Amino acid sequence: MTGTSKKLESVIIYSTVDGTSYGACFANLSGTFDDNIKSLSFVTSNGDPYGPYGDPAAGKGFKIPMHKGAIVGFFAHSGAVLNSLEAYVGAQL
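So for the sequence shown, our numbering puts the first residue at 18; every next one is plus one.
Below, the structure written as structure tokens:
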């Protein structure tokens, strides 16, 4: 996928179908980095993939393991680019 990229604007993982609410959570986060984040990919607890956003061919790979947990929040540092990303992990309900 060299030379292509997607822009991350939002990822919505909560929906309502026929008045019945169901939800999902981020169950996997991976991507690439060097001196900043080059790409991000997410997978929900329902198995739905989002991404990659950015250039997955650039930088070194990383993965935040979810051992029976789920990402419940993010904290990021950025300027012109995404410099770092922290994921808060909680129990998957």
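Glycine included, every Cβ here is placed at the ideal spot set by N, Cα and C.
A quick note: this is a predicted structure, and the numbers were derived from the prediction, not measured.
Is DSSP giving residue i helix, strand or coil here?
i      : result
Lys77  : strand
Val89  : strand
Gly107 : strand
His94  : strand
Given this structure, state the Cα-to-Cα distance separating residue i from residue j, to the nearest angstrom.
i      : j      : result
Thr61  : Phe43  : 4 Å
Ala75  : Tyr67  : 18 Å
Ser101 : Asp52  : 9 Å
Pro69  : Val98  : 16 Å
Phe79  : Glu103 : 12 Å
Lys77  : His84  : 22 Å
Mark residue i as exposed unless 16 or more other C-beta atoms lie within 10 angstroms of its C-beta, in which case mark it buried.
i     : result
Phe92 : exposed
Lys55 : buried
Pro73 : buried
Gly48 : buried
If I'm right that residue i touches residue j with Cβ under 8 Å, what's the distance once you round it to whole angstroms?
i     : j      : result
Val89 : Gly107 : 4 Å
So residue i is in the beta strand (DSSP E); what residue range does that whole segment cover?
i     : result
Gly71 : Pro66 to Gly71
Ala44 : Phe43 to Phe50
Val60 : Ile54 to Thr61
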